[in-house]
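In my numbering, the protein residues as written are 4 to 46. Ideal Cβ positions, reconstructed from N, Cα and C, are used throughout, including at glycine.
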């Protein structure tokens, strides 16, 4: 199981008509990095 949250973004590029010229889709995962035991948060 992944530790992150998946997000999907879609961009549609139009030239003023109703049909898009092209569509760009990307899926990415946001991951929160856990601090190492010897690091202090906010230091």
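Residue i vs residue j beta-carbon contact at 9 Å
| i | j | result |
| --- | --- | --- |
| residue 111 | residue 28 | Because the chain is modelled from 4 through 46, residue 111 falls outside the range shown and cannot be assessed. |
| residue 10 | residue 31 | yes |
Rounded separation between residue i and residue j - CA only
| i | j | result |
| --- | --- | --- |
| residue 35 | residue 8 | 9 Å |
| residue 18 | residue 33 | 32 Å |
| residue 14 | residue 37 | 32 Å |
| residue 4 | residue 40 | Note that residue 4 scores 44 on pLDDT, short of 50, meaning its location in the model is unreliable; the coordinates nonetheless yield the value given after this. Each residue's alpha carbon lies about 23 Å from the other. |
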